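Peer 1:
There are 2 protein chains.
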Amino acid sequence: MINKEPLSQSLEDYLETILELQTKKTVARSKDIAEKMDIKRGSVTGMLKKLAQNNLINYEPYGYVTLTPEGKKIAMEIERRHIFLKDFFARVLKVDETIADQTACQMEHAMSKQTFQKFKNFVKTIDACPNCRPDNN
Amino acid sequence: MINKEPLSQSLEDYLETILELQTKKTVARSKDIAEKMDIKRGSVTGMLKKLAQNNLINYEPYGYVTLTPEGKKIAMEIERRHIFLKDFFARVLKVDETIADQTACQMEHAMSKQTFQKFKNFVKTIDACPNCRPDNN
DNA sequence: TTGATATGTTTCACAAACCTAACTTTTGAT
DNA sequence: ATCAAAAGTTAGGTTTGTGAAACATATCAA
């Protein structure tokens, strides 16, 4: 398979949001995407078209939005990262939940697959080590 | 002092680059900024004007560029983060130098001051703990 | 001093993502 | 079945950051 252009941070966020809605409400609607991402409805339409062009979602005008297998794969990867990073910031670093969430949202796009894997291994080791818990202030 | 708009990631990168050049070559020139950031000279001019408007650099057409105290303060903060994060990825996670550098460059903008502080404390604790070194693969 | 070359600037164009406001389609209550 | 409200789309703007290419200035060797 040819190496595709990497997705923009924004498009990745859309995929992630669509996955969440799909999971929680069985179906993703334009309005809910807009609300969740704090973006106007009109802007969402344009981005949905882009995602559809990239075969990442199934999109028909005025219809529901669903992830294609490829889109879902990417969305799940982002979601996993998000969850992991948020947990790291909140539980390990004791950062406030909201901030942890925001920070995770920024960083989930920044690491390569390999780097993220190493980070996960690292946190796993830390978690298994009782005397390396800093008291974060 | 009133809370200013936060700088864009891009403008922060410019400040960081200017600081590096200023340090290494005593003076920052447009061409060197362009080369280091892999951006065309013409684009640099526009961004220098923005930085000057924000009182972060001293800029005269056809002149050298220097950081104002305020600009230097910000640049140093970014640089510190960069160095710290790069070190974390390279030394602790054993990520390849180049990748570590790239990743740091993305992430240095993503954390709040507080969060970054907690992260630093965390790494310090880890470093002091001999048996929590994962063998990253 | 002069003029080629390097450096800096300007202008115009462009892509990505967004917004606003008007318009269209769908939905749901009656 | 009808028609208002809700949801979705479209068209036209805006902002940010960039590139290309022409133009302006500075520098330096002869």
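Sequence lines, in order, name chains A and B. Numbering-wise (numbering that gives the first Met the number 0), the first sequence opens with residue 0 and increments by one. Numbering-wise (numbering that gives the first Met the number 0), the second sequence opens with residue 0 and increments by one. Glycine is no exception: its CB is placed at the ideal position from the N, C-alpha and C atoms. Here the structure is a predicted model, which means the values were calculated and not measured.
#1: Quick check: what's the CA-CA separation for Phe87(A) versus Asp100(A)?
#2: Quick check on the burial criterion: 16 or more other C-beta atoms within 10 angstroms. Buried or exposed for Asp37(A)?
#3: Grab the span of the beta strand (DSSP E) containing Leu66(B) for me, first residue to last.
#4: In the structure shown, what three-state DSSP assignment does Tyr13(B) receive?
#5: With three or more C-beta pairs closer than 8 Å as the rule, is the stretch 113-132 of chain B touching the stretch 9-19 of chain B?
#6: Check the Cβ-Cβ distances between Leu55(B) and every residue of chain A, and say whether any is below 7 Å.
#7: Quick check on Ala103(B): does DSSP put it in helix, strand or coil?
#8: Give the residues of chain A in contact with Ile98(B), contact being defined as C-beta atoms less than 8 Å apart.
#9: According to DSSP, which residues form a beta bridge with Tyr58(B)?
#10: Roughly how many whole angstroms lie between the Cα atoms of Lys71(B) and Lys39(B)?
#11: Do we get a CB-CB distance below 7 Å when we pair Lys117(A) with the residues of chain B?
#12: Roughly how many whole angstroms lie between the Cα atoms of Thr25(A) and Glu96(A)?
#13: Do you know how far the Cα of Gly45(B) is from the Cα of Asn120(B)?
#14: Assuming Glu107(B) and Leu84(B) are in contact, meaning their beta carbons sit under 8 Å apart, how far apart are those beta carbons, in whole angstroms?
#15: Please list, in chain order, all residues of the same chain as Ala103(B) whose beta carbon is under 7 Å from its beta carbon, the five residues on each side excluded.
#16: In three-state DSSP terms, what is Ala27(B)?
#17: Alpha carbon to alpha carbon, how far is Arg28(A) from Leu20(A)?
#18: Report buried or exposed for Thr114(A), applying the criterion of at least 16 other Cβ atoms within 10 angstroms of its Cβ.
#19: Kindly indicate which residue of Ile17(B), Met75(B) and Ile77(B) has the alpha-carbon position closest to the one of Ile56(B).
#20: Checking contacts by CB at 7 Å: is Met75(B) closer than that to chain A?
#21: Taking the alpha carbon of Ala51(A) as the point to measure from, which residue in Ala74(A), Gly41(A), Tyr61(A) and Leu66(A) has its own alpha carbon closest?
#22: Under the rule that 16 or more other beta-carbon atoms within 10 Å means buried, what is Lys117(A), buried or exposed?
Peer 2: In short:
#1: The straight-line gap from Cα to Cα measures roughly 10 Å.
#2: Exposed, because fewer than 16 other Cβ atoms sit within 10 Å of the Cβ of Asp37(A).
#3: In the DSSP assignment, Leu66(B) falls within the beta strand (DSSP E) that extends over Val64 to Leu66.
#4: Helix.
#5: Counting Cβ pairs under 8 Å, fewer than three are found: no touch.
#6: For Leu55(B), the answer is no, since every Cβ of chain A falls outside 7 Å of its Cβ.
#7: If DSSP states are grouped into helix, strand and coil, Ala103(B) belongs with the helices.
#8: The answer, in chain order, is Ser111, Gln113 and Thr114.
#9: Note: Tyr58(B) sits in a beta bridge opposite Val64(B).
#10: For Lys71(B) and Lys39(B), the distance between alpha carbons rounds to 24 Å.
#11: Chain B contact via Cβ: present.
#12: Note on geometry: alpha-carbon atoms of Thr25(A) and Glu96(A) lie some 26 Å from one another.
#13: Rounded to whole angstroms, the gap between the alpha carbons of Asn120(B) and Gly45(B) is 39 Å.
#14: About 6 Å separates the CB atoms of Glu107(B) and Leu84(B); that is less than 8 Å, so the two are in contact.
#15: Contacts found: His81, Leu84, Lys85 and Phe88.
#16: DSSP places Ala27(B) in the strand class (E or B) of the three-state scheme.
#17: When rounded, the distance between both Cα atoms is 8 Å.
#18: So Thr114(A) counts as buried.
#19: For the residues Ile17(B), Met75(B) and Ile77(B), the minimum Cα distance to Ile56(B) belongs to Ile17(B).
#20: Output row for Met75(B): interface = no.
#21: It is Leu66(A) whose Cα lies nearest to the Cα of Ala51(A).
#22: Buried is the call here.
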